[in-house]
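Undergrad:
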Amino acid sequence: MVRVTSSKPAMLAAGIAGVAGQILFTLGWFMAGLFQGDAYSVVRHDISDMGALGAPYPWVLLIPQSIAGACTIFFGVVGFRPALVGARGRTLATTLLVLPLGVGNLVSSAFRLDCRVADGCTVEETVRSWHATVHSILGVLLLVAAVAPFVVARCLRRSPQWARLSRTSTWFGVAIAVAMVATIILGESAVGGLAQRIFALLAAAWVAVLAGWLLRLLAGRKGQNTALGPVATSPDLV
Numbered sequence: 166m167v168r169v170t171s172s173k174p175a176m177l178a179a180g181i182a183g184v185a186g187q188i189l190f191t192l193g194w195f196m197a198g199l200f201q202g203d204a205y206s207v208v209r210h211d212i213s214d215m216g217a218l219g220a221p222y223p224w225v226l227l228i229p230q231s232i233a234g235a236c237t238i239f240f241g242v243v244g245f246r247p248a249l250v251g252a253r254g255r256t257l258a259t260t261l262l263v264l265p266l267g268v269g270n271l272v273s274s275a276f277r278l279d280c281r282v283a284d285g286c287t288v289e290e291t292v293r294s295w296h297a298t299v300h301s302i303l304g305v306l307l308l309v310a311a312v313a314p315f316v317v318a319r320c321l322r323r324s325p326q327w328a329r330l331s332r333t334s335t336w337f338g339v340a341i342a343v344a345m346v347a348t349i350i351l352g353e354s355a356v357g358g359l360a361q362r363i364f365a366l367l368a369a370a371w372v373a374v375l376a377g378w379l380l381r382l383l384a385g386r387k388g389q390n391t392a393l394g395p396v397a398t399s400p401d402l403v
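In the numbering used here, the protein residues as written are 166 to 403.
#1: Return the CA-CA distance between P223 and R323, expressed in angstroms with no decimal places.
#2: Considering Cα atoms alone, identify which of T287, V356, P247 is closest to K173.
#3: Taking the CB atoms as reference points, tell me whether L266 and T287 lie closer together than 7 Å.
#4: Whose CA, out of V305, S301, V263, Q326, lies closest to the CA of V112?
#5: Kindly indicate which residue of G180, R281, R253, S301 has the alpha-carbon position closest to the one of A244.
#6: Buried or exposed for V292, please, with buried defined as at least 16 other CB atoms from any protein chain shown within 10 angstroms of its CB.
#7: Put P247 into one of helix, strand or coil per three-state DSSP.
#8: As a quick exercise: from P325, A328, A369, L330, pick the residue whose alpha carbon is nearest that of A344.
#9: Of the choices F315, V299, A217, A175, whose alpha-carbon is the least far from that of I341?
#10: Which residues mark the beginning and the end of the alpha helix (DSSP H) in which I232 is found?
#11: Would you give the residue range spanned by the alpha helix (DSSP H) that P314 belongs to?
#12: What does the Cβ neighbour count give for S354, buried or exposed, with the cut at 16 atoms within 10 Å?
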């Protein structure tokens, strides 16, 4: 059995990181789109195109993306999971939460595509190198985001402090799943980039809502060591 202890300051920092990370990620891909030149279309082309080799100012996307990924992992491990102490399934819920927007964003930012579709590369040409192949494989983690909100919602229902957020997570799951399907179907169409951005915005908003709820719980428990009582220490419940 694994025991987890998080102090209130650590959980507070994790909650702030969870919200800030999603804002930073969204601002990153939004701002990066302003520097891509006439060949690139935010409606047509993928977010990853802006971080490809040869893309102008790729750091505008990649640095916020990697920081946002680290913030999401920090929120999940130090804030979200301990706050669900006693709720069965919290380890699985946390894992599915941090995989796509945490690990996916943190790691994929280090493995760039070989070139931009916006510059005339085919999809196959963008993934010829080993690092571009890794980036493409990591993209599969985004599929987890289509099921994560539903698993999280089920876990939230088992916690009195989080139960009110269960339905919200479910509705986010429906919206994210629809956006994911649209992104896959419209991937290489004239509106593929727009579909992907809607998906990214919804996924980030979902995590931000969870992090915001943690901060709300902490604010309502001033003087206690955590949002749930003296110390959030419990055997791991899978």
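All C-beta atoms in this analysis are idealised placements derived from N, C-alpha and C, irrespective of residue type, glycine included. Computed from a prediction, not measured in an experiment: that's the story for all the values here.
TA: Here's the rundown:
#1: 43 Å
#2: P247
#3: no
#4: Outside the displayed range of the chain (166 to 403) lies residue 112, so it cannot be described from this structure.
#5: Residue identity differs from the one stated: residue 244 is Gly in this sequence, not Ala. Selected option, being the one with the closest Cα: G180.
#6: buried
#7: helix
#8: A369
#9: F315
#10: 224-239
#11: 313-321
#12: exposed
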